[in-house]
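Participant: Position 126 of the sequence shown, counted from 1, bears residue number 126 in the numbering used here, the numbering being contiguous throughout.
We put the beta carbon where it would ideally sit given N, CA and C, even for glycine.
Quick caveat, the model's predicted, so the values are computed rather than measured.
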Amino acid sequence: MLRGFYSTCILLFLTLNLPSGSVSSEYSAKSAPLVVQFRDNLLTVRVNNLTLKEVLKEISKQTGIEIISYASTEIPVSADFSDHVSDEGIKRLIRDFAFIFIYNSPNSKDVRTALTKVLIYPKTDKKLQKKEETQERAFEQQISQSQELLENFQRDEIMDVLSRPEDENTFDRLTEIFHKSEDAGVRAMAVDELGILRDERAIDVLVQAVIDTDSMVRISAIHALGEIGNEWAVQVLTDALSDENDHVKELAADVLRSLKERDPSYQ
1 MLRGFYSTCI LLFLTLNLPS GSVSSEYSAK SAPLVVQFRD NLLTVRVNNL
51 TLKEVLKEIS KQTGIEIISY ASTEIPVSAD FSDHVSDEGI KRLIRDFAFI
101 FIYNSPNSKD VRTALTKVLI YPKTDKKLQK KEETQERAFE QQISQSQELL
151 ENFQRDEIMD VLSRPEDENT FDRLTEIFHK SEDAGVRAMA VDELGILRDE
201 RAIDVLVQAV IDTDSMVRIS AIHALGEIGN EWAVQVLTDA LSDENDHVKE
251 LAADVLRSLK ERDPSYQ
């Protein structure tokens, strides 16, 4: 079942079945440097080597979607895609960041048309960090073969879960992975995917994840709580306001505020 180790690097925010289109630094546009169109809830973007900040600002202007970034978006981006649902299009542009989408109709059958806010924050790339540390201090990065195989297996198991999102056992498998894994990256991946499922049963797991010893897992838990968005989620997010990590507290406050704006009964 083990797949190539390299495939795990993309798991944190893997989006299944994305429409065709690409974001590439090699894109060469002969037209205007930036074209953004939003018609019938479909987003078209053509941009050649402008900063992501400029592109997101124009998308916000055209769509009315509020886009808030806690990460630097002063990076060049080139892209060319047409007629994407707004959230899918934006995901293509910010896939190098961690993010959370807020919808005003969480129970709608087509919630993608109700996207109202996007929160962007830095992604913790632990695998990249490990690679850099290995180059500097190789002897400090030696781990037992059995532990490495276990972590790879758990990551590959998440990959298998993601390849079958409609499987009735998906929730149970992700929950089991979260409880058994000693790798913070694996736990964060499992929590992210539980949020995407928007299954209220995940609250019990998220209550534990939001007090995890690793801030990356706690951030993923806040992300997932924002996706679920019920009264229990609001309570857990309120507790997270006392987190020792400033970024976790700020994100919890922002998600909590967004949920209360969406449903005043949470006040």
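1. Measure how close the beta-carbons of leucine 194 and valine 207 come, nearest whole angstrom, since I'm counting them as under 8 Å.
2. State buried or exposed for threonine 63, treating a residue as buried only when at least 16 other CB atoms are found within 10 Å of its CB.
3. DSSP state of lysine 123, grouped into three classes?
4. Starting from aspartate 87, trace the alpha helix (DSSP H) in both directions and tell me its first and last residue.
5. Assess contact between the stretch 71–86 and the stretch 221–240, defined as three or more Cβ pairs (one per stretch) separated by less than 8 Å. Is contact present?
6. Ordered along the chain, which non-local residues of its own chain (more than five positions away) have a Cβ less than 8 Å from that of serine 146?
7. In this structure, how does DSSP classify phenylalanine 210 when only helix, strand and coil are distinguished?
8. So is glutamate 140 buried or exposed if we call it buried at 16+ other beta carbons inside 10 Å?
9. Please tell me whether serine 220 and aspartate 192 are closer than 8 Å, where the distance is taken between their beta carbons.
10. Starting from glutamate 227, follow the alpha helix (DSSP H) in both directions and report where the run begins and ends.
11. Would you call lysine 117 buried or exposed, if buried means 16 or more other Cβ atoms sit within 10 Å of its Cβ?
12. What number of angstroms, rounded off, separates the C-alpha of alanine 297 from the C-alpha of phenylalanine 81?
13. Would you say threonine 116 touches the ligand MN, meaning its beta carbon is less than 7 Å from a heavy atom?
14. If you reduce the DSSP assignment to three classes, tell me which class proline 264 lands in.
15. In chain order, what residues of the same chain have a beta carbon less than 8 Å from the beta carbon of isoleucine 65, not counting five sequence neighbours either side?
16. So, using beta-carbon positions, are glycine 226 and isoleucine 102 closer together than 8 Å?
17. For tyrosine 103, which beta-bridge partners are listed by DSSP?
18. To the nearest angstrom, report how far apart alanine 198 and alanine 224 are at their CA atoms.
19. For threonine 213, is the classification buried or exposed, using 16 other Cβ atoms within 10 angstroms of its Cβ as the cut-off for buried?
20. Spatial neighbours of leucine 241 within its chain, please: CB distance less than 8 Å, with the 5 preceding and 5 following residues excluded, ordered by chain position.
21. Between which two residues does the beta strand (DSSP E) holding glutamate 66 run?
22. In three-state terms, what does DSSP make of threonine 51?
23. Tell me, to the nearest whole angstrom, how far the beta carbon of arginine 187 is from that of serine 181; I am working on the premise that it is less than 8 Å.
Facilitator: With the structure as the only source:
1. About 12 Å; that fails the 8 Å criterion.
2. buried
3. coil
4. 86–93
5. no
6. In this prediction, serine 146 scores a pLDDT of 35, lower than 50, which makes its location untrustworthy; no coordinate-derived value is stated.
7. For clarity, residue 210 is valine in the given sequence; the question names phenylalanine instead. Coil at valine 210, not helix or strand.
8. Since pLDDT at glutamate 140 reaches only 42, below the 50 mark, its modelled position is unreliable, and the value read off the structure follows with that caveat. Answer is exposed; the Cβ neighbour count stays below 16.
9. yes
10. 215–228
11. buried
12. The chain is shown only over 1 to 267; residue 297 falls outside these bounds and no answer can be derived.
13. Absent from the structure shown: the ligand MN. Ligands present: none.
14. helix
15. Ile59, Ser86, Ile90, Leu115, Thr116, Lys117 and Val118
16. yes
17. Leu115
18. As written in the sequence, residue 198 is arginine, which differs from the alanine given in the question. Their backbone Cα atoms lie some 8 Å apart in a straight line.
19. exposed
20. Lys249, Ala252, Ala253 and Leu256
21. 66–69
22. strand
23. 5 Å
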